[in-house]
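Student: As given, the protein sequences belong to chains S and P, one line each in that order.
For the first sequence, position 225 (counting from the first letter as 1) is numbered 225 according to the working numbering, and the numbering increases by one without interruption.
For the second sequence, position 107 (counting from the first letter as 1) is numbered 1107 according to the working numbering, and the numbering increases by one without interruption.
C-beta: ideal position from N, C-alpha, C; glycine also.
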Amino acid sequence: MSINALLLWPLITSAVLGLTGPRLGRALPPAVAVRLLTTAALISALATGFALAVAAFAVLARVPFVGALGHWSIAALDSGPRVPAVAGVLAGAAVTALIVAAAVRAVRGGRELVTAALICRDLDDAGGGLVVIVDEHPDAYALPGIRGRIVVSTAMLHALSSDERRVLLAHEAAHLARGHHLYLQVAELSAAANPLLRPVARAIAAAVEREADEIAAAEVGDRRLAARALARAGLARTSGPAHRRALVGALGGADRNVVARAHALLAPPPPHRRFLAASLTAMILVTSAVSLTTAKQTERRFEAAQAGYTRHA
Amino acid sequence: MSTRATRPRGALERQVLACLAIADHPLSVGEVLADLDGDLAYTTVMTTLTRLHSKGALVREQVGRAYTYAVAGDARAMGSSVTAQRMRRLLEAGDDRAGVLTRFVAGLRPEDEQLLTDVLAATEHTEHTEQR
């Protein structure tokens, strides 16, 4: 395969993944969606960054001065398929910007994880990692750490019945037990490194909630009860103190929609969708193979060009 | 309903704590049992209460021949503490994208209120028909 086709492949898969990610996230069983989509996003982001860097370098390497520095023959590089100069320059600019964006995101995510872990350490583990906050605003979330905590406000506890509270606690415990915060961080990092993957990151965030919902429903042995707990908690948040109501713009939370989650719980448990899962796995493997081939081909090309350089010298 | 799956470790402790955290007076083992789901044994709840008390999460008081339990004071004063403020900042940092904290319910749209009311009505309705 020509080098240009190899270099375009990660961009094409990222675009396809970006377009189909939200659909895949809804169709696949949540546990499978979380793992496969996160892997696909990470591999696509890495492969895209690598392809852009190779494209940029392939053009940069044809500058005579660079060739002299690296001891390779420009004439040898010029023979055979070439990356167009404009494409190389654009790729270089893009990969630089994306590496900076990814680094900024990595630092931010890392700092938040550390802050969360430090807060966890400061909170007394009264029992089972539950922390109750006296607050008139209904809220509940999982705080990841070495031993994570489940934080629930008194208003949220008051809003729910005893068996609905059990759903909420099981849901948050599932986030911690499955390490969902790490998947979310990898998803966000991938989207920062490749904006085409932004919809995939949103799909992963939605799938993470769905997985925790399914685990909670299984633990209480009642899907309807789980749906009822979600609806009750959602309504409690819309009726809280006006200045802290949980309403967001139509775009922001569309993929983490509570209503969709409740409806999914009212429907039967999700089917396996083995063909879809296998297709996504195949895409991940092909993208990895393409990156390895790109690396091999580029290496061979430069080795040949370096062999050609000694002849001129 | 259908068969109840096993409770993971710590799940019962959390349930008991959540129940006591919003109780307006100290509760006896029987009262905690009544608030939690019906499939629990009295001794299971009693063991959990005793364990939480020995960890310092609960305070207890002898009433007649039995104990009543309440959450230990400092756990309830969390709301305005520095730690709570740091948590709020973390939550706000994650409002525009997936943060490190995963909320039970986030991302509500204005039209969701009615849709959630419908879900609630649907689930409560079937529950009544099942009970009949």
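CA-CA distance, alanine 260/S and proline 10/S?
Tutor: 31 angstroms
Student: Helix, strand or coil, according to DSSP, for glutamate 1061/P in the structure here?
Tutor: strand
Student: Using alpha carbons as the reference points, say which of Ser162/S, Arg121/S, Ser161/S and Pro138/S lies closest to isoleucine 146/S.
Tutor: Arg121/S
Student: Are the CB atoms of serine 291/S and phenylalanine 65/S within a distance shorter than 8 angstroms?
Tutor: no
Student: Rounding to the nearest angstrom, what Cα-Cα distance links alanine 193/S and arginine 1086/P in this structure?
Tutor: 28 angstroms
Student: So with CB distances below 8 angstroms, who are the chain S contacts of glycine 1010/P?
Tutor: For glycine 1010/P, the residues of chain S that pass the 8 angstroms Cβ criterion are Gly127, Gly128, Gly129 and Ala173, in the order they occur in the chain.
Student: Can you list the residues of chain P that leucine 197/S reaches, using a CB-CB cut of under 7 angstroms?
Tutor: Correct list: empty, because the minimum Cβ distance to chain P is about 13 angstroms.
Student: Is there contact between the region 152–167 of chain S and the region 123–139 of chain S, where contact requires at least three CB pairs shorter than 8 angstroms?
Tutor: yes
Student: Kindly list, in the order they appear in chain P, the residues whose Cβ is closer than 9 angstroms to that of leucine 157/S.
Tutor: Listed along the chain, the chain P residues whose CB falls inside 9 angstroms of the CB of leucine 157/S are Ala1018, Cys1019, Ala1021 and Ile1022.
Student: Hey, does tyrosine 141/S have any beta-carbon neighbour from chain P nearer than 8 angstroms?
Tutor: yes
Student: In the DSSP assignment, what residue or residues form a beta bridge with valine 132/S?
Tutor: Val152/S
Student: Please determine, among Gly80/S, Arg105/S and Val54/S, the residue with the shortest C-alpha to C-alpha distance to alanine 87/S.
Tutor: Of Gly80/S, Arg105/S and Val54/S, the residue nearest in Cα terms is Val54/S.
Student: For chain S, check one thing: does any of its Cβ atoms lie closer than 8 angstroms to the Cβ of glutamate 1113/P?
Tutor: True, the Cβ-Cβ gap to chain S drops below 8 angstroms.
Student: For leucine 1108/P, which option in His180/S, Ala226/S and Arg237/S has the closest C-alpha, if you only look at C-alpha atoms?
Tutor: It is Arg237/S whose Cα lies nearest to the Cα of leucine 1108/P.
Student: Closest to isoleucine 74/S by C-alpha separation, out of Leu184/S, Leu90/S, Arg62/S and Gly80/S, would be which residue?
Tutor: Arg62/S
Student: Using a Cβ cut-off of 7 angstroms, pull out every chain S residue sitting near threonine 1083/P, in sequence order please.
Tutor: Ile119, Asp122 and Leu123
Student: In chain S, what lies closer than 7 angstroms to threonine 1068/P by C-beta?
Tutor: Within chain S, no residue comes near threonine 1068/P; the closest Cβ sits about 17 angstroms away, beyond 7 angstroms.
Student: Can you pull the chain P neighbours of isoleucine 150/S, defined as C-beta to C-beta under 7 angstroms?
Tutor: Arg1014
Student: Would alanine 41/S and alanine 187/S be called neighbours here (beta carbons separated by less than 8 angstroms)?
Tutor: yes
Student: With H, G and I counted as helix, E and B as strand and the rest as coil, what does DSSP make of serine 239/S?
Tutor: coil
Student: With a CB to CB cut of under 6 angstroms and the five nearest residues on each side skipped, what residues in its chain are close to proline 144/S?
Tutor: Ala116 and His181
Student: CB-CB under 7 angstroms to aspartate 1118/P, same chain, minus the five flanking residues each way: which ones, in chain order?
Tutor: none
Student: Here's a check: name, in chain order, each residue in its chain whose Cβ is nearer than 7 angstroms to the Cβ of phenylalanine 302/S, leaving out the five neighbours to either side.
Tutor: Trp72
Student: Using a beta-carbon distance below 8 angstroms, is valine 200/S in contact with chain P?
Tutor: no
Student: With 16 as the cutoff for other CB atoms within 10 Å, does phenylalanine 1104/P come out buried or exposed?
Tutor: Flag for phenylalanine 1104/P reads buried.
Student: Considering only DSSP beta bridges, list what leucine 197/S is partnered with.
Tutor: Answer is none; leucine 197/S lacks a bridge partner.
Student: Out of curiosity, what's the CA-to-CA distance linking lysine 296/S and alanine 1122/P?
Tutor: 59 angstroms
Student: Give a yes or no on whether the C-beta atoms belonging to alanine 1070/P and valine 1082/P are separated by under 8 angstroms.
Tutor: Their beta carbons are not under 8 angstroms apart, which means alanine 1070/P does not touch valine 1082/P by this criterion.
Student: Check the Cβ of arginine 1103/P against every Cβ in chain S and list those closer than 8 angstroms, keeping chain order.
Tutor: What arginine 1103/P touches in chain S: Asp139, Ala140 and Tyr141.
Student: Applying the 10 Å Cβ sphere with the 16-neighbour rule, what's the burial state of alanine 85/S?
Tutor: exposed
Student: Consider the Cβ of histidine 47/S: report whether some Cβ of chain P lies at a distance smaller than 8 angstroms.
Tutor: In the sequence on display, residue 47/S carries alanine and not histidine. Cβ-Cβ to chain P under 8 angstroms: no for alanine 47/S.
Student: Quick one, which residues of the region 87–115 of chain S are near chain P if we go by CB-CB under 9 angstroms, in chain order?
Tutor: Arg108, Gly109, Glu112, Leu113 and Thr115
Student: For the region 213–234 of chain S, which residues have a beta carbon sitting closer than 8 angstroms to at least one beta carbon of chain A?
Tutor: The chain inventory of the structure shown lacks chain A, comprising the protein chains S and P.
Student: Using a Cβ-Cβ distance cut-off of 8 angstroms, determine whether glutamate 1124/P contacts chain S.
Tutor: It does; some Cβ of chain S falls within 8 angstroms.
Student: Could you tell me which residues DSSP pairs with arginine 1103/P in its beta bridges?
Tutor: Tyr141/S
Student: Tell me the rounded alpha-carbon separation between glutamate 1111/P and glycine 1064/P.
Tutor: 53 angstroms
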